[in-house]
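Taking it in order: structure first as structure tokens, then the write-up.
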DNA sequence: CCTGACCAGATTGTCAACAATCTGCAAAGC
DNA sequence: GCTTTGCAGATTGTTGACAATCTGGTCAGG
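Residue numbers (this note's numbering), protein chains in the order written: chain X, 976 to 1220; chain D, 976 to 1220.
What follows is the structure, encoded as structure tokens:
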């Protein structure tokens, strides 16, 4: 095995990727219409694959589809980002717990995850906040994959694709994010999962989500989100892990 | 306002619906290939909408897509059903808790939910186990909608569409399911949510999922699922609600 | 007998043209 | 003046034809 799998993305997925890139670049903004024919012409392909790509983005919640009226880039609110993180918190706990229950979750599988964690230490990555976020989400995805819960990880991966886009279009600043603290949290998380310390793992994951959202909330222009963790959105479901980490 | 909204399903959604029906009827079975041209010919339309409908089912996990090789009906295992229910357990708790935190979740919204619950008492529904399951899932969906968490409810609704199909193709028998007990559980659940008794609601929801899965496990031909609730899959994440209901 | 290139049929992927629908505006009716 | 109707342009929805790809088998060469 010397060759890595070919990318093998369908044209539709490539189209979706391009649109996502345009959103991250700021070329495309919330409320903008996505006109199939225009995009097809720009990419030099026909409307079919473009249409399919737009549907993929619609399934992710990045664009809104209205029957016979086309697709519009979503205008997410900060609450949408919160909702995404609440889903990640919940399903992530599910995945981590299940991963720790599997006999198969031993050394070899963990090495791949460790590799992704190491990539976050790369100085080239540390410079770019977007690359950092990408590496971060990939690490988390690999960790969740250990669970073998394909439906759960599919939803988690979908939210992972949403996050950079939402963060960008909302103008959330997160440059002050402490990279070494982030990596340290992930090391704690990975170690806990590897050692199957359920409660420590749950606490570490919860801690990471809280820190990330907390950082976003700080940088967010509006002041109404200061008491973000006091919002009922984040409470009452997973609190029992607090006293265990 | 004398007219009800038109159904307004896209052709693709109608196609997906037909394929789901074929699955429920047994006309289509796990492993069967879905050939775009054949389905298009049978339905008297062209391949485009059929293709789109198949993609919708793929997003739901009902069919598996392989690049350039077409779509095949999934062959779900009982573990897949378990995974679906674990997701519903987790996200359902999230939705219910958030619904109970909203000021707006007052009488008028609850009336619609109550209506759906009453529909389950309809003798015509009680006769047909499939209709019962459908009414049940609709009630749950309406309840979750109260949360206003669109991403969470979208995933929940997707799992709701999966359940009847998976139950059918796996040959799970659930006829012995006690309808009055089911309705009674739902009444408890609705009452708890309405009164905003967080812990009672969580316990009731958890109880419902456990009973449903337990019933399925009983009817399932294989014997390996007797200790289903001892599986780590169902443990360690939401257990703290046990001592509160 | 085994290996690998090649071919034919089936099926998906893409395309460009056509039909159906929506939007906004302008004109007609009250 | 206000509402309603009817149109024109823009855009999506659908279609049938064509191109690319995959599958399985056949056949030549070793």
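Note that CB positions come from ideal geometry on N, CA and C, so glycine has one too.
These figures come from a predicted structure and were not determined experimentally.
Here residue 1122/D is buried, its C-beta having at least 16 other C-beta atoms within 10 Å.
The beta carbon of residue 1021/D is closer than 6 Å to those of 1015 in its chain, skipping five residues each way along the sequence.
Between residue 1077/X and the set 1090/X, 1019/X, 1171/X and 996/X, the nearest pair of CA atoms involves 1171/X. A contact between stretches requires three or more CB pairs, one per stretch, nearer than 8 Å, and the stretch 1045 to 1064 of chain D fails this requirement with the stretch 1035 to 1045 of chain X. Here residue 1126/D really is in contact with residue 1036/X; their C-beta atoms are around 6 Å apart, less than 8 Å. Less than 8 Å divides the Cβ of residue 1117/X from the Cβ of residue 1091/X.
Assigned with DSSP and collapsed to three states, residue 1077/D falls in coil, not helix or strand.
Contacts between residue 1065/X and chain D, judged by CB atoms closer than 7 Å, involve 1065, 1066 and 1069 in chain order. Rounded to whole angstroms, the separation of the alpha carbons of residue 1155/X and residue 1120/X is 24 Å. Relative to residue 1017/X, the option among 1031/X, 1115/X, 1112/X and 994/X whose CA is nearest is 994/X. Using a Cβ-Cβ cut-off of 7 Å, residue 983/X is close to 1042 of chain D, given in chain order. Along the stretch 1109 to 1130 of chain X, going in chain order, the ones with a CB nearer than 7 Å to a CB of chain D are 1124, 1126, 1127 and 1130. By DSSP's assignment, residue 1045/D forms a beta bridge with 1041/D. For residue 1176/D, the nearest beta carbon of chain X is not closer than 8 Å to its own beta carbon. Non-local beta-carbon contacts of residue 1049/X in its own chain, meaning distances under 7 Å to residues more than five positions away in sequence, involve 1005, 1036, 1037, 1038 and 1039 in chain order. Secondary structure at residue 1004/X: coil, using DSSP grouped into helix, strand and coil. Leaving aside the five residues that flank residue 991/D on each side, the residues in its chain whose CB is nearer than 7 Å to its CB run, in chain order, 1028, 1031 and 1032. At a cut-off of 8 Å, the C-beta of residue 1030/D has a neighbouring C-beta in chain X.
Between the alpha carbons of residue 1058/X and residue 1131/X lies a gap of roughly 12 Å. Inclusion of residue 1168/X and residue 1176/X in the CB contact set at 8 Å is warranted, their separation being smaller than that value. Beta-bridge partners of residue 1009/X (DSSP): 1046/X. Distances from the alpha-carbon of residue 1161/X to those of 1124/X, 1105/X, 1128/X and 1095/X put 1095/X closest. Nearest CB-CB separation between residue 996/D and chain X: not below the 8 Å threshold. Shown here, residue 1116/D sits in a helix according to DSSP, grouped into three states. In the DSSP assignment, residue 1023/D falls within the alpha helix (DSSP H) that extends over 1022 to 1035. Check the Cα spacing between residue 1070/X and each of 1128/X, 1133/X and 1034/X: the tightest is with 1128/X. For residue 1188/D, same chain residues with a beta-carbon under 6 Å away, outside a window of 5 residues either side, are 1060 in chain order.
Between the alpha carbons of residue 1137/D and residue 1019/X lies a gap of roughly 38 Å. Within the stretch 1146 to 1193 of chain D, the complete alpha helix (DSSP H) segments at least 4 residues long are 1154 to 1169, listed from N- to C-terminus. Note on geometry: alpha-carbon atoms of residue 1145/X and residue 1110/X lie some 21 Å from one another.
Listed by position along chain X, the residues whose Cβ is nearer than 8 Å to that of residue 1034/D are 1034. For the pair residue 1026/D and residue 1139/D, the Cα-to-Cα distance works out to about 23 Å.
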